[in-house]
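Colleague: Dropping the structure in here first, questions after.
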Amino acid sequence: MVGCGVAGVSQGFVLKTEFIPAKHRAVLLPLASIFWMMGSMLIILLGMLVVPFLGWRWMIRISVTPSIILIFLFKFIPESARYNVSAGNTEAAVKTLQRIAKMNRACLPPGCLVEPAARERGSWKTLLSPSLRRTSLLLWYSWFVASFAYYGSVLGSSELLEKNLLCVTNADQEHRVKHHHEDGRCYCIPFGFNDYQTLLISCLGEVALVPLNIGLLSVFGRKSSLTVLQLMAAILFLLVNICTSMFGFTVLLFLLRSVVSMNFNVVYIYTAEVYPTVARSLGMGFCTSFSRIGGMIAPFIAQVIS
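Under this note's numbering, the first residue of the sequence shown is numbered 686, with each subsequent residue one higher.
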């Protein structure tokens, strides 16, 4: 169930990309991370307010409420006109454009949509065709790295805070205590208020440098921005090894979450733009699948390093 929901996120990004004019994508698409940040902060707040009193099961029940509401909102989301044209359904594409024009209190220019020559619908073979093979392989690895870095920073910081491992390799005596939870022995240390506060501040880092992200995309382009951000993320991950105070760790985590989030934004935008319309959703789906491999490995690495 979670996998289906995660896959839907990438398709929503494809839909946004196809509606937004190319010249505005570098500005508008990174702004979508603000809503991702709001969701992350909501989960942290639920953990702070719900888990200590009602338990984690009630936290999950409450957290799925927005998804249930979204099901009823899907009918208000139009299909992509680009997709309809590529699928040969120009009538539906015209209706979508007319709806957009009506919302903007404008009229469509005179003329009609010309249906292109029928083309084979995208398949996984398209992604490995000679013209797209190298791009697909590099993107799959880039998505793996982006997801591994993002969830590694999130889960690794949680482990460090939970076991008080900021400057030592072994937890102190207080954090060695075995806690009882729901009539069972639990080795998970409940977060304190300061721990939740640190995570909230780090979440703000995901949007604090959005203006920098927009500037990089506008000035240096997608590929150069991706190179710079991945290099910065590598340096910041190395700095995590430095013994520092809680304040220093919070600042470092803030910057790290900013960089890995920007990295994810850039790879999302580049992937949505580099694939043709007939293969865009499929290409994004494959990239998302490879990113989830990184997301699956990250929790185990976080456990090992702690």
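Even for Gly, the Cβ is constructed at its ideal location relative to N, Cα and C.
(1) Could you check whether F829 and F975 sit closer than 7 Å to each other, using their CB atoms as the reference points?
(2) Whole angstroms are fine: how far does the CA of P984 sit from the CA of F759?
(3) Can you tell me whether N898 is helix, strand or coil according to DSSP?
(4) Please state the DSSP three-state secondary structure of E776.
(5) Does G980 come out as helix, strand or coil in the three-state DSSP assignment?
(6) How far does the alpha helix (DSSP H) with S887 in it reach, from first residue to last?
(7) Could you give the residue range of the alpha helix (DSSP H) that holds T929?
(8) Using the Cα positions of T956 and F738, report the straight-line distance between them to the nearest angstrom.
(9) When the Cα atoms are used, what is the spatial distance from E859 to W825?
(10) Tell whether a beta-carbon distance below 7 Å holds between S946 and E891.
(11) Could you check where the alpha helix (DSSP H) with L713 kicks off and where it finishes?
(12) Classify T781 as buried or exposed, calling it buried when 16 or more other Cβ atoms lie within 10 Å of its own Cβ.
(13) Hey, L941 and I729 are a contact pair by Cβ (cut 8 Å); roughly how many whole angstroms apart?
(14) Excluding the five sequence neighbours on either side, which residues of its own chain have a C-beta within less than 8 Å of the C-beta of A893, listed in chain order?
(15) Please report the residue range of the alpha helix (DSSP H) in which A766 lies.
(16) To the nearest angstrom, report how far apart V904 and N950 are at their CA atoms.
(17) Below 7 Å between beta carbons: does that hold for L902 and S910?
(18) Please classify I954 as buried or exposed, where buried requires at least 16 other C-beta atoms within 10 Å of its C-beta.
Modeller: Taking the geometry as given:
(1) Taking 7 Å as the Cβ cut-off, F975 and F829 qualify as a contacting pair.
(2) Their Cα atoms are separated by approximately 32 Å.
(3) If DSSP states are grouped into helix, strand and coil, N898 belongs with the helices.
(4) In this structure, E776 counts as helix in the three-state DSSP scheme.
(5) Taken through DSSP and simplified to helix, strand or coil, G980 comes out as helix.
(6) Residue range F878 to A893 is occupied by the alpha helix (DSSP H) that includes S887.
(7) Run containing T929: none; DSSP gives neither H nor E here.
(8) Each residue's Cα considered, the two are about 43 Å apart.
(9) With a pLDDT of 49 at E859, under the threshold of 50, the modelled position of this residue cannot be trusted, and the question is left open.
(10) Cβ atoms of S946 and E891: closer than 7 Å.
(11) A707 to L716 is the span of the alpha helix (DSSP H), which, as asked, contains L713.
(12) Residue burial annotation: T781 is buried, with at least 16 other C-beta atoms found within 10 angstroms of its C-beta.
(13) Distance from L941 to I729 at the Cβ level is roughly 17 Å; contact not present, criterion being Cβ atoms closer than 8 Å.
(14) The residues are F939 and S943.
(15) That run of the alpha helix (DSSP H) goes A766 to S771.
(16) Between the C-alpha atoms of V904 and N950 there is a straight-line separation of about 16 Å.
(17) Contact flag set, yes.
(18) With 16 or more other Cβ atoms within 10 Å, it is buried.
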